[in-house]
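Chemist: My questions will all concern the structure given below.
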Amino acid sequence: MMELQGSHSAAGFRFAIIVSRFNADVTDGLLTGARAALAEAGVRDDDVTLVRVPGAFELPVTAGRLAGTGRFDAIICLGCVIKGDTMHFEYISAAASQGIMNVSTTSGVPVAFGMLTALDDEQARVRSASGPDNKGREAALAAIEMA
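What follows is the structure, encoded as structure tokens:
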């Protein structure tokens, strides 16, 4: 059986990071983790484009526009939706998740899913804290391997 695996070095590759401003205390932590993973893989700051969007719902359309430019080897989407008392959480999470996947499959550009869907603030904080379990870092590592 032949096994294929992507590289963990990304020097010379170009990445876009799209980060939601909503829940910025969480998404800033995700961004820190993603940028650290890219730097550790040899990605220069000049090879990273950062785009900020209002919320998670805007991640897919922005990813689609960036994928369409042909400038990026992979795109990293970072956002956070925290469950509240209404159905809003379910609708936004489902729409953003499906949209991100659709961009990746239709464009052929890998789009890494770094959007937290947390049940409470504490879950979101834990998943965006610095360290190896940071979900922004994990999304960047996936993007590196797929690029």
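Just so it is clear: in the sequence shown, position 131 is 130 by numbering that gives the first Met the number 0, and no numbers are missing. Here a beta-carbon is modelled for each residue, glycine too, at the ideal position from N, C-alpha and C.
1. Quick one: what does DSSP say Phe-14 is sitting in, helix, strand or coil?
2. Per the DSSP calculation, Ile-81 is bridged to which residue(s)?
3. Examine the Cβ distances between the stretch 60 to 75 and the stretch 106 to 121 and report whether three or more of them are shorter than 8 Å.
4. Determine whether the beta carbon atoms of Ala-153 and Ile-143 lie at a separation below 9 Å.
5. Pick helix, strand or coil for Phe-112, following the three-state DSSP scheme.
6. Are the beta-carbon atoms of Ala-40 and Ile-16 separated by less than 9 Å?
7. For Arg-136, report the span of its alpha helix (DSSP H) as first-last.
8. Gly-98 and Pro-59 look like a contact to me (Cβ under 8 Å); what is the Cβ gap, rounded to whole Å?
9. Three or more C-beta pairs closer than 8 Å, one from the stretch 80 to 95 and one from the stretch 128 to 142: is that the case here?
10. Drop a sphere of 10 angstroms on the beta-carbon of Arg-126, count the other beta-carbons inside from all chains shown, and report buried for 16 or more, exposed for fewer.
11. CA-CA distance, Met-145 and Glu-57?
12. Where does Leu-65 land, buried or exposed, given buried means 16+ other C-beta within 10 angstroms?
13. Residues in its own chain within less than 6 Å of Leu-140 by CB, not counting five upstream and five downstream?
14. Specify the secondary structure class of Ala-73 as computed by DSSP and reduced to three states.
15. What's the C-alpha gap between Arg-51 and Arg-20?
16. Spatial neighbours of Phe-12 within its chain, please: CB distance less than 6 Å, with the 5 preceding and 5 following residues excluded, ordered by chain position.
Modeler: Let me spell this out:
1. strand
2. Ala-117
3. yes
4. Because the chain is modelled from 0 through 146, residue 153 falls outside the range shown and cannot be assessed.
5. strand
6. no
7. 134 to 145
8. 3 Å
9. no
10. buried
11. 23 Å
12. buried
13. Ala-36
14. strand
15. 6 Å
16. Asp-72, Ala-146
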